[in-house]
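Enquirer:
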Amino acid sequence: MLGRAVCCDPVWLLQFERERSRALSKDLLAARERWQATEAERAAAEDSRRVEEAAAKARAEAARIKEEQRRYQEAAAREAERIRLEREVQRKEYEAQQVGNATGSDAWLDAEIAARAEQERLIIEEQRAAARAAEEQRRREEEERRRQLEEERRQREEQERLEREAAIRAKIEERRRLEREKKKFAVRLEGSLAVERPPRGTLLPGPLQKEAAVRLAASCSTLLGGAAQPPPADFASLADATDALPQVAGQACRQAAEAYASAMRLQSMTGEGVLQWIDDTELNSWAQAAAVRAAVAALAGGDAALATFQQGGAAATQPAAFQCRTELGVLPADHPQRTDAVLRRVIASVESGDSEAAARQLEDLLEAQLELFQKAPAPTLMGTALLLSHLLTRALAERPFAASDAPAWFEAVARLVRSKLQAAAAAAPKDSLQAPAALLSAVLGSGNPVAEELVRLADANLSAATRQARQERERRAAAELAAKLVEEEWPDAKEIKAARRAEEEAKTPIPERCWALRNVAGTLSMGGPGERARARQLLEQAVQLKQQFAGAPDHPGVLPELLPLAALLGSVPEWERDAAGVSALTLRALNAVAADYQQQGDAVSAAILLEAALRRFEEAAGVRHPAVKATMRAADAALDTLSAEQRAAVAEARPQAESTISRVVAALTDELGAYQQGSPVSKVERWASEGAGGVIGPLR
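Numbering (full-length UniProt numbering), first residue to last: 1 to 700.
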């Protein structure tokens, strides 16, 4: 009844499942491994002995059968020779006898031969029966041996399972007992993270003097420590703000946690507070864990706020609130399982040269630390890093040596820290360690050895594509800085600056220049009237460049520049007439794509594209515009050549006009040379050789 009650206890079941992966304590695990090794050696020796005995029996039996067969063959040969000689004698006697006696002699010889043949058959059958009986006996013995081995294996596994379950139950009971003895403390960090557009004219620090496009503001507070609100951080783009989000959130939470730790130190002067139970090193470690957990909660809200900011056209968003409660359980001062006592034993093991024992002693603490980050990114890395930072801090606090005079044991601690971090990061997917490393660096400090190692591991975790993109950003930033320095070096030589700028532009491929103009214009279009006017100038410049490069104003390769220009002009009522002209030019370019489809025999794709073009640009260009009428005539002509089934396919694709146009434009958009394999080839060049079918593909 007691066993049934324990098994039905949901708390016990939950703890049982949680502890199943951490089966044994480290001392019991070591004993179990030694016992397993001994049992494995004994079982292997026993199996080898039995196999050798069976093989020896089989060899002896085979030799016996072979010897019997040899003797039988020799006896049969002798008997056959004797019979042959007797028959030879009888044949001679027969020839000497009268012809009348010949019949009786042959009958006697035939009877004798038949009797001898029957005797030989019986002997052979007896030998075969004996061989079958011996084989059956060997088979039964082999089956019995396998059954015994399987039974022994099953008993060993059952014994191991029972031992594991007993160890888990013992560990659960030990955990419960320790929890009852602990003194509990808790700290709650709560705050908010806002994404907004900085005031117009806000410039980023640095020589480039770029205008800020996104501002991140984070705040965090505790009940006793008060509020912490670092200065807001400005960024040139949404991508830069996304990359810096862990740093911004981590700094705010770190300041709040440090303020709480200071309040606890003041409270301890009155003889109260958590410092009556723990030392300052453990207080700092607890505050850092609380800051990291709160920063993780802030990241979730910050990602959503950035997405809302992007969808809302750079409008201010509602601050994302976050909160996180972190508990600390402290055992009595003389208890051997206290965190500080375990870490001191780890340091002592390292000093004595037993790094393996030190690693085993860390495992129990790691289990409790990892439970704090069940929902965090890279939870194993988070918990491991915080515990190892606590270990290093305690080692330095209790062994205050200068770094240059660090003894061998401290180097061993550093090796242990590096190996644990590398093991925690080994299974992480590519590009998954950048945010955890930035967050922990913000909370622990960039000079913390654990934070430095995490940054190195995060850099090694980068995929080839991400590393290439980062190098491309660094190259562009270096080019911008160089151009800025040249401009500052020759402030009065306008002709020289213009010539240098023209030379740089001439070295840059037209598709990349158009991409840069579109990118900057896209950022400016989210601003006020002045920024939108500048965005229009840049897009018009991009259209002119692409038209010159393509050799025709309505070349299909100009569509990636025409579409954003038409969208920008259509968003401002004062530019409505200009929007109509650009929409008509876009229709002409789409007509050229449809005509190429017709030439290649794909009338269905031509009809789908013409219907999508009318649905998208007919109203903007004006129903009476010649380009609209020409598109209508081309669409009717294309539909007339289709079958009923093909017309149904065109009608089915008509509601997806936006996606059809986007697909065509995406296929005609050039990739940057850095991301192309081999020699860069522009879409304009590919269009001349492949046409719509090769560059875009069928639209059906």
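The beta-carbon is built from N, C-alpha and C at its ideal position, and this holds for glycine as well. Fair warning: this is a prediction, and the values are worked out from it, not measured in the lab.
Mind pulling the alpha helix (DSSP H) runs of 4 or more residues that sit fully within the region 99–168?
Expert: Runs found: none.
Enquirer: Does Leu204 come out as helix, strand or coil in the three-state DSSP assignment?
Expert: On the sequence shown, residue 204 is found 204 positions in, with the first residue counted as 1. Here Leu204 sits in coil by DSSP.
Enquirer: If you draw a straight line from the C-alpha of Arg146 to the C-alpha of Arg34, how long is it?
Expert: Mapped onto the sequence shown, residue 146 falls at position 146. Mapped onto the sequence shown, residue 34 falls at position 34. In a straight line, the C-alpha of Arg146 is about 26 Å away from that of Arg34.
Enquirer: May I have the straight-line CA-CA distance separating Val450 from Ser219, to the nearest angstrom?
Expert: Against the sequence shown, residue 450 aligns to sequence position 450. Against the sequence shown, residue 219 aligns to sequence position 219. When rounded, the distance between both Cα atoms is 26 Å.
Enquirer: How big is the Cα-Cα spacing for Asp405 and Leu396?
Expert: Your numbering for residue 405 matches position 405 in the sequence shown. Your numbering for residue 396 matches position 396 in the sequence shown. With a pLDDT of 46 at Asp405, under the threshold of 50, the modelled position of this residue cannot be trusted; read the value that follows with caution. Going by the C-alpha atoms only, they are around 12 Å apart.
Enquirer: Grab me the residues of Gln209's own chain with a C-beta within less than 6 Å of its C-beta, minus the 5 sequence neighbours each way, in chain order.
Expert: Here the question's residue 209 lines up with position 209 in the sequence shown. The answer, listed in chain order, is Leu203.
Enquirer: Can the beta-carbon of Pro232 be found less than 8 Å from the beta-carbon of Arg215?
Expert: The residue given as residue 232 occupies position 232 in the sequence shown. The residue given as residue 215 occupies position 215 in the sequence shown. Yes, these two residues count as a Cβ contact at 8 Å.
Enquirer: Only counting the same chain, and skipping five residues up and downstream in sequence, which positions put a Cβ closer than 7 Å to that of Val558?
Expert: On the sequence shown, residue 558 is found 558 positions in, with the first residue counted as 1. Excluding sequence neighbours, Val558 sits near Val543, Lys546, Gln547, Ala550 and Ala589.
Enquirer: Quick one: residues in its chain with C-beta nearer than 7 Å to the C-beta of Val187, no 5 flanking neighbours on either side, listed in chain order?
Expert: Locating residue 187 in the sequence shown gives position 187, counting from the first residue. Closer than 7 Å at Cβ, skipping near neighbours: Thr222, Tyr260, Ala290 and Thr326.
Enquirer: Rounded to the nearest angstrom, what separates Ala535 and Ala516 at their Cα positions?
Expert: Mapped onto the sequence shown, residue 535 falls at position 535. Mapped onto the sequence shown, residue 516 falls at position 516. Going from the Cα of Ala535 to the Cα of Ala516 covers about 12 Å.
Enquirer: Roughly how many angstroms lie between the CA atoms of Arg138 and Arg154, to the nearest whole one?
Expert: Start at 1 with the first residue of the sequence shown, and residue 138 comes out as number 138. Start at 1 with the first residue of the sequence shown, and residue 154 comes out as number 154. Looking at the two C-alpha atoms, the distance is approximately 24 Å.
Enquirer: Quick test of the definition: if touching needs 3 or more C-beta pairs under 8 Å, does the region 335–344 touch the region 225–244?
Expert: No contact exists between the region 335–344 and the region 225–244.
Enquirer: Taking only beta-carbon atoms, is Ala385 less than 8 Å away from chain B?
Expert: Going by chain labels, chain B is absent from the structure shown, which holds only one protein chain.
Enquirer: Rounded C-beta distance between Leu539 and Pro564? I'm assuming under 8 Å.
Expert: Locating residue 539 in the sequence shown gives position 539, counting from the first residue. Locating residue 564 in the sequence shown gives position 564, counting from the first residue. About 6 Å; that satisfies the 8 Å criterion.
Enquirer: Quick check on the burial criterion: 16 or more other C-beta atoms within 10 angstroms. Buried or exposed for Glu363?
Expert: To locate residue 363, count along the sequence shown from 1; it is residue 363. Looking at its Cβ environment, which holds fewer than 16 other Cβ atoms inside 10 Å, Glu363 is exposed.
Enquirer: I need the DSSP call for Arg700, collapsed to helix, strand or coil.
Expert: As a position in the sequence shown, residue 700 is number 700, starting the count at 1. Coil.
Enquirer: Using a Cβ-Cβ cut-off of 7 Å (strictly less than) and excluding sequence neighbours within five positions of Glu258, which residues of its own chain qualify?
Expert: The residue you call residue 258 lines up with position 258 of the sequence shown. Ala287.
Enquirer: Under 8 Å by Cβ, that's how I've got His390 and Ser262 pegged, so tell me the actual separation to the nearest angstrom.
Expert: Here residue 390 is taken as the residue at index 390 of the sequence shown, counted from 1. Here residue 262 is taken as the residue at index 262 of the sequence shown, counted from 1. Contact flag wrong, Cβ pair sits at about 19 Å.
Enquirer: Would you mind giving the Cβ-Cβ distance between residue 729 and Ala657, rounded to the nearest angstrom? I have them listed as a contact below 8 Å.
Expert: Past the boundaries of the shown model lies residue 729; the chain is included only from 1 to 700, so the question cannot be answered.
Enquirer: Do you know offhand how far Glu67's Cα is from Gln127's?
Expert: Here residue 67 corresponds to residue number 67 of the sequence shown, with the count starting at 1. Here residue 127 corresponds to residue number 127 of the sequence shown, with the count starting at 1. Rounded to the nearest angstrom, the two C-alpha atoms are 12 Å apart.
Enquirer: Can the beta-carbon of Asp250 be found less than 8 Å from the beta-carbon of Ala442?
Expert: Residue numbering aside, residue 250 sits at position 250 when the sequence shown is read from its first letter. Residue numbering aside, residue 442 sits at position 442 when the sequence shown is read from its first letter. The sequence shown places Gly at residue 250, rather than the Asp named in the question. Yes, the Cβ-Cβ distance between Gly250 and Ala442 is below 8 Å.
Enquirer: I believe Ala594 touches Leu610 by the beta-carbon criterion, under 8 Å. Please report the beta-carbon distance rounded to the nearest angstrom.
Expert: Position 594 of the sequence shown, counted from the first residue, corresponds to residue 594. Position 610 of the sequence shown, counted from the first residue, corresponds to residue 610. The pair is a contact, with the Cβ atoms about 5 Å apart (cut-off 8 Å).
Enquirer: For Ala584, which option in Glu561, Ala603, Ala620 and Gln598 has the closest C-alpha, if you only look at C-alpha atoms?
Expert: Residue numbering aside, residue 584 sits at position 584 when the sequence shown is read from its first letter. Measuring from the Cα of Ala584, the nearest candidate turns out to be Ala620.
Enquirer: State the Cα-Cα distance for the pair Ala692 and Asp596, rounded to the nearest angstrom.
Expert: What you label residue 692 is simply residue 692 of the sequence shown in a count that begins at 1. What you label residue 596 is simply residue 596 of the sequence shown in a count that begins at 1. In a straight line, the C-alpha of Ala692 is about 6 Å away from that of Asp596.
Enquirer: Look at the alpha carbon of Ser419 and the alpha carbon of Thr660, and state the distance between them as a whole number of angstroms.
Expert: Mapped onto the sequence shown, residue 419 falls at position 419. Mapped onto the sequence shown, residue 660 falls at position 660. Approximately 53 Å, taken between the alpha carbons.
Enquirer: Closest to Ala458 by CA distance: which of Leu381, Ser525, Val417 and Asp554 is it?
Expert: The count along the sequence shown starts at 1 and reaches residue 458 at position 458. Closest option to Ala458, Cα to Cα, is Leu381.
Enquirer: Alpha carbon to alpha carbon, how far is Ala385 from Leu421?
Expert: Position 385 of the sequence shown, counted from the start, is the residue given in the question as residue 385. Position 421 of the sequence shown, counted from the start, is the residue given in the question as residue 421. Looking at the two C-alpha atoms, the distance is approximately 7 Å.
Enquirer: In this structure, does DSSP put Thr326 in helix, strand or coil?
Expert: Within the sequence shown, the letter at position 326 stands for residue 326. Thr326: strand per DSSP, three-state reduction.
Enquirer: Looking at C-alpha atoms only, which residue of Asp280, Ala307 and Val330 is the closest neighbour of Pro319?
Expert: Within the sequence shown, the letter at position 319 stands for residue 319. Of the candidates Asp280, Ala307 and Val330, the one whose C-alpha sits nearest the C-alpha of Pro319 is Ala307.
Enquirer: Do Pro556 and Trp687 count as a contact pair if the criterion is CB distance below 8 Å?
Expert: Taking the sequence shown and counting its residues from 1, one reaches residue 687 at position 687. Taking the sequence shown and counting its residues from 1, one reaches residue 556 at position 556. In contact: Trp687 and Pro556 (Cβ atoms closer than 8 Å).
Enquirer: Under 8 Å, do Ile83 and Arg49 count as touching if we go by C-beta distance?
Expert: Working through the sequence shown from its first residue, we reach residue 83 at position 83. Working through the sequence shown from its first residue, we reach residue 49 at position 49. In this structure, Arg49 does not lie closer than 8 Å to Ile83 by Cβ.
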